[in-house]
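Numbering (the numbering used here), first residue to last: 1 to 313.
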C-alpha cells in the first residue's frame, strides 16, 4: 500500500474542544449505536456545560479531514490500581472496517505510556472482534430497555412486616450493604466492598449521574431488622428521561413480589410527575430481565460490551 493510502486511512485522536460541540453531537447522532432521547440543541448545550475535567476526556476520531467517531479516554481515580478507561466509543455507520482496530491499538499505546496496569472499555457489540483480537476479556453485556409509565399492572400488597418509604440522605450506609448483597456473585458486582457501593449511592444522590429524583426512590425496611434494607429503587434523570439506576432486593427477601412492587410504585410516581417514559440499562441473561418485561420494558438499543485487559509490565 502506498504511504498516501496509509495516511488517508489512518485514524487520528484529536482533543474535542468546546468549539467542537456541533461536530461531537453530529457524530453521535449519525452513529448507528445511539438512542436519541433529547433534541440536538440540548445535546450541544450539555456538551458545552460539562466541567473541565470531563471535557478533557473527550476525543474526536478523524480520518483525514473527516470526523468518523468519538470516545472518552481517561485514567480512573477511584480504582485500587491505576486503570485507563475507554468509554463512549461510537463510529459513523460507514466508517472503514479498520477504524475500530486502530482505536483499540491506540488506546493500548496510550495506556502503556501512562503506566497503567489495566484498561477497561465499554463499546458496542459491533466492535467485539477488534477488542477480542487485542485480548480484552468480556465482563458483561448490557443494553437499554424502555417502558411507558402508563402501567396497568396492579400494586399487590406486601407482607405487613415490610415498610416502604421514600429514600433519605441517611440511607447511604444501608444502601451500600444492600447493593453489595444484591449483586454479590453476579455480573453486576462491579465494586469490591460495601464502601464502594456506598460511594456510588452517595454519588447518585448528589447528582453525579444526572439530577436525582428522590420523590421516585423508595427503600424497604423490615420491622424486625431496621439495620439492613430489604430492597430499594434509585432513579435519576438521564438526558431529561428518568432512568432506574438500581432496583435491588436482598437475597433473603426475593420471590415475594418485592421487586415488582418497587417497580410499579416507582413507575406510578413517575406518571404522576408527567413523565411518559422510563429507561434502564440492563445486563443481559440475568433473571431480572423477566421482571422488567412484565413491567412493560422492551429492549430499545444496541448491546454494549464491558471488557478489560491487563497490560504486562
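Heads up, the beta-carbon is just placed ideally off N, CA and C, and yes, glycines get one too.
Since the structure is predicted, the reported quantities are computational estimates derived from the model, not experimental observations.
Identify the continuous alpha helix (DSSP H) that holds residue i and give its terminal residues.
| i | result |
| --- | --- |
| residue 23 | 21-30 |
| residue 122 | From DSSP, residue 122 is part of no alpha helix (DSSP H) but of the beta strand (DSSP E) over 118-124. |
| residue 132 | 128-133 |
| residue 333 | Here the chain comprises residues numbered 1 to 313, so residue 333 is not present and cannot be evaluated. |
| residue 49 | 40-49 |
| residue 52 | 52-55 |
| residue 110 | 99-113 |
In the DSSP assignment, find the unbroken beta strand (DSSP E) run with residue i in it and report its ends.
| i | result |
| --- | --- |
| residue 190 | It is not in any beta strand (DSSP E) - residue 190 carries neither H nor E in the DSSP assignment. |
| residue 15 | 12-15 |
| residue 306 | 304-310 |
Label residue i either buried or exposed according to how many other C-beta atoms from any shown protein chain fall within 10 Å of its C-beta, with 16 as the threshold for buried.
| i | result |
| --- | --- |
| residue 109 | exposed |
| residue 2 | Confidence at residue 2 is low in this model, with a pLDDT of 46, below 50, so its placement is unreliable and the value that follows should be read with caution. Residue 2 should be labelled exposed. |
| residue 294 | exposed |
| residue 305 | buried |
| residue 310 | exposed |
| residue 19 | exposed |
| residue 93 | exposed |
| residue 159 | exposed |
| residue 298 | exposed |
| residue 286 | exposed |
| residue 169 | exposed |
| residue 328 | The shown model of the chain, from 1 to 313, leaves out residue 328, and the question about it has no answer. |
| residue 178 | buried |
| residue 263 | buried |
| residue 120 | buried |
| residue 247 | buried |
| residue 100 | buried |
| residue 130 | buried |
| residue 171 | buried |
| residue 145 | buried |
| residue 253 | buried |
| residue 200 | buried |
| residue 273 | exposed |
| residue 165 | exposed |
| residue 227 | exposed |
| residue 64 | exposed |
| residue 95 | buried |
| residue 195 | exposed |
Starting from the C-beta of residue i, find all residues in its chain whose C-beta is less than 8 Å away, skip the five residues before and the five after it, and write them out in chain order.
| i | result |
| --- | --- |
| residue 59 | 13, 14, 15, 16, 70, 71, 72, 73 |
| residue 236 | 204, 207, 209, 210, 211, 212, 213, 242, 243, 245 |
| residue 291 | 259, 260, 263 |
| residue 229 | 171, 174, 175, 177, 178, 219, 220, 221, 250 |
| residue 202 | 172 |
| residue 28 | 34, 43, 70, 90 |
Looking only at DSSP bridge pairs, what is residue i linked to?
| i | result |
| --- | --- |
| residue 94 | For residue 94, which the question treats as bridged, DSSP gives no partner whatsoever. |
| residue 146 | 279, 298 |
| residue 85 | 74, 120 |
| residue 138 | 307 |
| residue 69 | 61, 91 |
Go through its chain and collect everything with a Cβ distance to residue i's Cβ below 6 Å, but skip five positions before and after it.
| i | result |
| --- | --- |
| residue 184 | none |
| residue 44 | 21, 25 |
| residue 283 | 140, 142, 187, 188 |
| residue 30 | 92 |
| residue 153 | 264 |
| residue 271 | 149 |
Suppose the cutoff is 7 Å on Cβ atoms and the five residues either side in sequence are ignored; what does the same chain contact list for residue i look like?
| i | result |
| --- | --- |
| residue 114 | 75, 84 |
| residue 269 | 215, 216 |
| residue 296 | 147, 148, 151 |
| residue 116 | 75, 82, 83, 84, 311 |
| residue 128 | 305 |
Complete runs of the alpha helix (DSSP H) confined to the stretch 242-295 [at least 4 residues]: 258-272, 288-294
Please specify which runs of the beta strand (DSSP E), each continuous and at least 3 residues long, are wholly inside the stretch 160-221, giving them in chain order. 162-166
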